[in-house]
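By my numbering, the letter at position 270 of the sequence shown is numbered 1172, and the numbering carries on one by one without gaps.
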Amino acid sequence: MEITDIETRVLRRDLDERFANAQKWIDSREYCLVRVETTDGVVGWGECWGPAAGNREMIDEYVAPRLVGRRVDDVEQVHDDLVFELRSSYHSYVPASVVSGVDIALWDAYGKSVGRSVSRLLGGRRRDEVRAYATGHFFRDVDDLAELKRIVAAEARDHVDAGFTALKQKIGLARHFPWGPDEDLELVAAVREAVGDDVALMVDANHAYDLADARRVARGLDTYDVRFFEEPVRPAVDYYADLAEGVDVALAGGECWAFRHEFERVTRETGVEYLQPDVTSAGGITSARRVATLADSANVQCVPHVFGSAVALAASLQVIAATPGDPMLEFDRTPNPIREDLAADPITNDGDSVQIRDEPGLGIEVDEDVLERFAV
Ligand SMILES: [Mg+2]
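Next comes the structure, spelled out in structure tokens:
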């Protein structure tokens, strides 16, 4: 089961309607997938976070020649060797998304080689299904706050009608609109009113605020029974530590952090109660599992960040199956043909629950015809 080939496949699709979080407008979805092939003819798939540019060149030209010949069942050792190699070459810039894409593909290939799901290889399955929360409620192109409130509240109702019992909405309007923290809280009020008190509600500011505004919003959120406040400030440990002093709402963060040592500092020095590693950016399945173990020993929750293709979704579910505690799945509900069509047998929700497959590797088969359709 030695690696014979590693290469990238880049997929891209323009969206019919653009939407925004606090940082940027999103008008397309692009993925850099990683394809690993082994001596026994097995193919494994991984996915890198972020733009293909950079990830693609580094994997095809730098990583692939160094990993051909390594065994896929040495995946954790290969992961650590790759991080060491990249650190010695690029010093403080260790491209975590590159490590992630390769790591996921190796775990998939390893599982397929031995006929076991990745969750079994991670030490066993703690659950066969997981509660999913609907992520969406992005900002739209509107001039009128009342219209945006109507659109977002209607979307929230749709998710509840589809069976979801937990939702996450975006806040942090100021970069794109003539509105600020008070209007953000109006948006939260609109969703809470639309879905009632029985639905778990989370908010995500994508590090929109300075400390004063983050405090102001955190206090406002107490009125709406918000489960967690995600990325209130920029992802610096000190900022989180400052904010955690004197606010009641639980803080969440992690999609901008990578590798266990960064999360270790977060658990040691901040009040973050929900760690959100993303398998495609935190260092793959290996790192996400290490963070999940860390979260358990620090007595906080690991709730992975997921905003990728079918590969990222399947990989996240395998980690969640093996995660201690009571994790939730972030289930991206924005329109995205690549996420929905890429797997021959796509992962879907049944109400607020998603089944976790116990089939070899990540449990999905990537449809190579679909790859062609979305290829750049
Ligand atoms: Mg987020």
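Glycine included, every Cβ here is placed at the ideal spot set by N, Cα and C.
Who are T940's beta bridge partners in DSSP? The partner list for T940 (beta bridge, DSSP) reads I905.
Residue span of the beta strand (DSSP E) that contains D1234, given as start and end: For D1234, the enclosing beta strand (DSSP E) begins and ends at 1231-1234.
Contained beta strand (DSSP E) runs [length at least 3] in the region 1165-1216, N- to C-terminal order: Whole beta strand (DSSP E) segments, 3+ residues: 1174-1177.
Run through DSSP, which three-state label would S1019 get? S1019 falls in the strand class under three-state DSSP.
T1125 - DSSP class collapsed to helix/strand/coil: Of the three classes helix, strand and coil, the one that applies to T1125 here is helix, per DSSP.
Since V985 is in the alpha helix (DSSP H), which residue starts that stretch and which ends it? Where V985 is concerned, the enclosing alpha helix (DSSP H) stretches over 977-992.
Classify F1281 as helix, strand or coil using the three-state DSSP reduction. Shown here, the chain extends from 903 to 1278; a query on residue 1281 therefore has no answer.
In DSSP terms, what G946 is bridged to: V938.
Mind the definition here: the region 1010-1023 touches the region 986-993 only if three or more C-beta pairs lie below 8 Å; say whether that holds. No, they do not touch.
Under the three-state reduction of DSSP, which class applies to R1118: helix, strand or coil? If DSSP states are grouped into helix, strand and coil, R1118 belongs with the helices.
Got a sec, what are the start and stop residues for the beta strand (DSSP E) E1106 sits in? The displayed chain sequence assigns Asp, not Glu, to residue 1106. Where D1106 is concerned, the enclosing beta strand (DSSP E) stretches over 1102-1106.
I928, DSSP secondary structure in three states: Strand.
Anticipated Cβ contact below 8 Å, D1254 with T1067, distance rounded: At roughly 4 Å, the Cβ-Cβ gap stays under 8 Å, so D1254 and T1067 are in contact.
CA-to-CA distance, L1177 to G1122, given in whole angstroms: G1122 and L1177: Cα-Cα distance of roughly 23 Å.
Would you say the region 972-988 touches the region 1033-1040, given that touching needs at least three Cβ pairs under 8 Å? No, the region 972-988 does not touch the region 1033-1040.
Buried or exposed: which applies to D907, given that a residue is buried once 16 or more other Cβ atoms fall within 10 Å of its Cβ? With a 10 Å radius around the Cβ and a threshold of 16 neighbouring Cβ atoms, D907 comes out exposed.
Any heavy atom of ligand 1 closer than 7 Å to the CB of D1106? For ligand 1, a non-hydrogen atom lies closer than 7 Å to the CB of D1106.
V1032 - DSSP class collapsed to helix/strand/coil: DSSP places V1032 within a strand segment (E or B) once states are collapsed to three.
Check whether the Cβ of H1039 sits closer than 7 Å to any heavy atom of ligand 1, and report yes or no. Outside the cutoff, so no.
Would you decide whether G1098 is buried or exposed? Buried here means 16 or more other CB atoms lie within 10 Å of its CB. G1098 comes out exposed.
D962 (DSSP reduced to helix, strand or coil): Collapsing the DSSP output to three states places D962 in a helix.
Apply the 10 Å Cβ neighbour rule to T1125 and answer buried if 16 or more other Cβ atoms are within range, or exposed otherwise. Exposed, since its Cβ has fewer than 16 Cβ neighbours within 10 Å.
Which residues does DSSP list as the beta-bridge partners of K1014? Partner(s): none; K1014 has no beta bridge.
Does the Cβ of E1175 lie closer than 7 Å to at least one heavy atom of ligand 1? False, no ligand heavy atom lies under 7 Å from that Cβ.
Closer than 7 Å: H1207 CB and nearest ligand 1 heavy atom: Indeed, a heavy atom of ligand 1 lies less than 7 Å from the Cβ.
Hey, quick one: how far does the beta strand (DSSP E) through A1154 stretch, first residue to last? Unbroken beta strand (DSSP E) run through A1154: 1153-1155.
Can you tell which of G1148, A1184, C1158 has the C-alpha that lies nearest to the C-alpha of G1173? That would be G1148, whose Cα lies nearest to the Cα of G1173.
Give the range of the alpha helix (DSSP H) segment to which A1048 is assigned. For A1048, the enclosing alpha helix (DSSP H) stretches over residues 1047-1063.
Taking the C-alpha atoms as reference points, what is the distance between V996 and E987? Spanning the alpha carbons of V996 and E987 requires a straight line of approximately 9 Å.
In chain order, what residues of the same chain have a beta carbon less than 8 Å from the beta carbon of V912, not counting five sequence neighbours either side? Result list for V912: E932, Y933, C934, L935, A954, R958, A1277, V1278, in chain order.
Using only the alpha-carbon positions, how far apart do R1117 and G1074 sit? Rounded to the nearest whole angstrom, the CA to CA distance from R1117 to G1074 is 13 Å.
Cβ shell of G952 (< 6 Å), same chain only, five flanking positions each side left out: If we look at G952 and ignore the five residues flanking it on each side, its Cβ neighbours are S999.
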